[in-house]
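Everything on this sheet refers to the single structure shown next.
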Amino acid sequence: MHFAAQSLQASLKPMAAYFSASVESFVRTSIEEVAARLHTMYAADGFASQYTSQTESWNETIPKLQQELSTLLQTCPASADWSVLLEYPLYRLRRRIDVLLLTPAAIVVVELKVGESVYRSGDRRQVEEYALDLRDFHSASSAVSLVPILWCTEARTTPYAQTISTIGVTEVICVGSTGLGNLLEKIGTTTSTARYEIREWKSGQYRPVPTVVDAATTLFAGHGVREIAQADASNLDASANRIVEIIQETKRSSGRSLIFLAGVPGSGKTLAGLQVVHSAIETGIEDQGDIVYLSGNTPLVVVLREALARDEAGRRKSRGEKPGLAEARNSVRTRIQHIIDFLREYLTNDDGSAPHEHVIVFDEAQRAWNEDYGRKKFGRPSSEPRLLLEIMARHSDWCSIVALIGGGQEINAGENGIAEWGKALRELPPSDLAKWRVYGPPNFLIGSGATAHLGAGNLSEVEDIVIDSELELTVPLRSYRSPSVSQWVSLVLDGNASEATVLAQELGDYPILVTRSADLARKWLKNHSRGERRFGLVASSGARRLRAEGLGVTLNATDGSAIAQWYLNERGDVRSSFALEVPANEYTTQGLELDFVGLCWGGDLIWSGQTWEHRQFRGNSWATVNGDRQRFITNSYRVLMTRGREGLVIWVPTGTAEDPTRKPRYFDDTADFLLSCGARQMSETNA
Numbered sequence: 002m003h004f005a006a007q008s009l010q011a012s013l014k015p016m017a018a019y020f021s022a023s024v025e026s027f028v029r030t031s032i033e034e035v036a037a038r039l040h041t042m043y044a045a046d047g048f049a050s051q052y053t054s055q056t057e058s059w060n061e062t063i064p065k066l067q068q069e070l071s072t073l074l075q076t077c078p079a080s081a082d083w084s085v086l087l088e089y090p091l092y093r094l095r096r097r098i099d100v101l102l103l104t105p106a107a108i109v110v111v112e113l114k115v116g117e118s119v120y121r122s123g124d125r126r127q128v129e130e131y132a133l134d135l136r137d138f139h140s141a142s143s144a145v146s147l148v149p150i151l152w153c154t155e156a157r158t159t160p161y162a163q164t165i166s167t168i169g170v171t172e173v174i175c176v177g178s179t180g181l182g183n184l185l186e187k188i189g190t191t192t193s194t195a196r197y198e199i200r201e202w203k204s205g206q207y208r209p210v211p212t213v214v215d216a217a218t219t220l221f222a223g224h225g226v227r228e229i230a231q232a233d234a235s236n237l238d239a240s241a242n243r244i245v246e247i248i249q250e251t252k253r254s255s256g257r258s259l260i261f262l263a264g265v266p267g268s269g270k271t272l273a274g275l276q277v278v279h280s281a282i283e284t285g286i287e288d289q290g291d292i293v294y295l296s297g298n299t300p301l302v303v304v305l306r307e308a309l310a311r312d313e314a315g316r317r318k319s320r321g322e323k324p325g326l327a328e329a330r331n332s333v334r335t336r337i338q339h340i341i342d343f344l345r346e347y348l349t350n351d352d353g354s355a356p357h358e359h360v361i362v363f364d365e366a367q368r369a370w371n372e373d374y375g376r377k378k379f380g381r382p383s384s385e386p387r388l389l390l391e392i393m394a395r396h397s398d399w400c401s402i403v404a405l406i407g408g409g410q411e412i413n414a415g416e417n418g419i420a421e422w423g424k425a426l427r428e429l430p431p432s433d434l435a436k437w438r439v440y441g442p443p444n445f446l447i448g449s450g451a452t453a454h455l456g457a458g459n460l461s462e463v464e465d466i467v468i469d470s471e472l473e474l475t476v477p478l479r480s481y482r483s484p485s486v487s488q489w490v491s492l493v494l495d496g497n498a499s500e501a502t503v504l505a506q507e508l509g510d511y512p513i514l515v516t517r518s519a520d521l522a523r524k525w526l527k528n529h530s531r532g533e534r535r536f537g538l539v540a541s542s543g544a545r546r547l548r549a550e551g552l553g554v555t556l557n558a559t560d561g562s563a564i565a566q567w568y569l570n571e572r573g574d575v576r577s578s579f580a581l582e583v584p585a586n587e588y589t590t591q592g593l594e595l596d597f598v599g600l601c602w603g604g605d606l607i608w609s610g611q612t613w614e615h616r617q618f619r620g621n622s623w624a625t626v627n628g629d630r631q632r633f634i635t636n637s638y639r640v641l642m643t644r645g646r647e648g649l650v651i652w653v654p655t656g657t658a659e660d661p662t663r664k665p666r667y668f669d670d671t672a673d674f675l676l677s678c679g680a681r682q683m684s685e686t687n688a
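In my numbering, each residue's number is its place in the sequence shown (first place is 1) plus 1.
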């Protein structure tokens, strides 16, 4: 079930179900009283238009649940003190759990399908995802047993043969019209090593780590970042708030501000940027909402737009309105724009007018292109930063540019990192430069920590610079199971096996495995991705000889429809990432993520015994490259290796002696080096 906006402060408190009581109290409470309490919360969540359909559902399910729990009380009197929670919200998924049963031995997650006589695979994954979400993001659920149950009221109960004695999420149990009460007795009275205090669990906090797609849809549905981001993982919320404060100061002083927010890969830069857009409108900084999120990352723009449009259409449908997907797609185009479209509007038919927006949030600003590209694209020898500074300076009152910077992610020729911004500032006439105030994190002038590999472009020549520690995101949220993943990747790409293997011991629940079999890699991804967790293959765009392994085509960055389908379509759709047929590359994954990633290693980056050898396939053979091209290849693999939120499996082909472009020793040495860095060998038994 989906839910509407909650209070901005909601996630700072324990989550409250619509209804909560002991089992005994719930059974004794009249159906009318339970329904009335549910209706009150339901209306407060903005679902008045769905009142009738939801009322009918509750009027049917409440008696059934009370009947099953009455049976439980008769056979297990101790269950009187167990807790029953109805309509329990999960902010990351923007859904509600139908029923939670808190027993001494386990937490039981129940999804009801009224009138359903078939146990559908999609419903199984749904309830399993609810349990996984609690395990991963509820502070009191990581060390308990969680049992997902699919209750189809018209189906036959399947045999129950689960072991509920260990920590974690069990397999989904299916129960039909009768038998839930007896099943709950077996679960609740199991001797478990994962017992917990029900009262303490209720006071636990829900701190989700959303994907960028989850974050975007939740924010634009009316939520705040505190509801959807792990509260103690980083200074994400503080950073977004600080940027909004700077924008407010800029408006009050009628000035101009350039704000750099830097962060390591996966630290939440995009989420922070989206929150700034959301907050600027909510707090009235922009009365007309004239603030826009810009990105030069076409796949990111495409996926965010389509996700927002589908979500908005779905919410309209749930309210009984005409879905209008085409209309929803048009409406989100004004919120999220491609940087080229923005520039084209103010440069192609240039009349010198100021843009509608006083504030632009520019994601992946480290990929801003230089003046050579500007000459080719717009016929002007100006870099992207220079053009943005000039366009925004047309405002006679005030303006702000928020530049979101990621370290070590420049993957194209002409992308010069933060150095290009420094150069653009220095090239401004002194009178114009004096009007800009620059904000950035510690060390962003020289490059360090989260801003490593940026190269500062001698920004010290700009006089009005404010250093602010809240403008740096240092903790990766993407790989929430182990924040050390991005650091491990950097050590591997630096060729530092000794330190990488030490750090690998700290990766905890984040698996990194190496296999020489593509089939084993696919098997592992399918077996380890439970619930609705997304998996897919990725490969470097330069891995040209993967064609001989059956992977000749990667997801094209210019095919917006294919990209949206790959990231958003469900299992069973051959166009989705779940099909494991078409890998995404560095251009179609940067800024996006999967839960589990299968990296197909190519011949463009091989270990030569002492160092990495960077290569480009030209004609009929590989050629060694140097300079910027070498850096781009390294950064491509950095992007690909940091896309997984929960795990990474690396497939290194075996090659063949019969093909000089796929010599076995290239791949043998590469696989051995990855293993020496602490990656684990995959086998049939652990796949």
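Glycine included, every Cβ here is placed at the ideal spot set by N, Cα and C.
Of the listed residues the options, nearest to residue i (C-alpha basis)
| i | options | result |
| --- | --- | --- |
| K114 | D596, H396, R125 | R125 |
| V170 | S332, V128, L184 | V128 |
| G679 | V486, R639, S562, D520 | V486 |
| E88 | R38, L390, F536 | R38 |
| D84 | W567, E25, Y568, R482 | A quick correction: the sequence has Ser, not Asp, at residue 84. Nearest option by C-alpha distance: E25. |
| D560 | N298, R517, K252, R136 | N298 |
| C175 | L569, V110, I468 | V110 |
| K187 | L101, L73, S142, A558 | L73 |
| L508 | L66, V265, A222, R681 | R681 |
| A749 | A263, V302, E246, V303 | Because the chain is modelled from 2 through 688, residue 749 falls outside the range shown and cannot be assessed. |
For residue i, three-class secondary structure by DSSP
| i | result |
| --- | --- |
| H357 | coil |
| Q367 | helix |
| G537 | strand |
| F633 | helix |
| Q591 | coil |
| A5 | Only weak support is given to the placement of A5: the predicted model assigns it a pLDDT of 31, under 50, and the value that follows is read from those uncertain coordinates. A5 falls in the coil class under three-state DSSP. |
| P300 | helix |
| H454 | Annotation note: pLDDT 37 at H454 (below 50); position unreliable, no value reported. |
| G441 | strand |
| C77 | coil |
| L569 | helix |
| V467 | strand |
| W525 | helix |
| V486 | helix |
| E88 | strand |
| I108 | strand |
| S235 | Only weak support exists for where S235 lies, its pLDDT of 49 falling under 50; the coordinates are left without a value. |
| G423 | helix |
| L295 | strand |
Within 8 Å, strictly: CB atoms of residue i and residue j
| i | j | result |
| --- | --- | --- |
| R387 | E428 | yes |
| G325 | R336 | no |
| E647 | Y440 | no |
| L593 | V539 | no |
| I248 | S401 | yes |
| V490 | V653 | no |
| A688 | N497 | no |
| W623 | T662 | yes |
| A658 | P665 | yes |
| P64 | I98 | no |
| Y568 | I607 | no |
Distance cut-off 7 Å: residue i Cβ against heavy atoms of the ligand HEM
| i | result |
| --- | --- |
| V467 | Judged by which ligands are present, the structure shown has none, so any question about the ligand HEM falls away. |
Per-residue burial, residue i [other beta carbons within 10 Å of its own, 16 or more giving buried]
| i | result |
| --- | --- |
| R616 | buried |
| E421 | buried |
| V554 | exposed |
| I260 | buried |
| D215 | buried |
| V119 | exposed |
| P584 | buried |
| I468 | exposed |
| N621 | exposed |
Residue(s) in a DSSP beta bridge with residue i
| i | result |
| --- | --- |
| R336 | Answer by DSSP bridge pairing: none, since R336 is not bridged. |
| C153 | K114 |
| P386 | Paired residue(s): none; P386 is not in a bridge. |
| T625 | R616 |
| F597 | F536, G648 |
| E473 | A263 |
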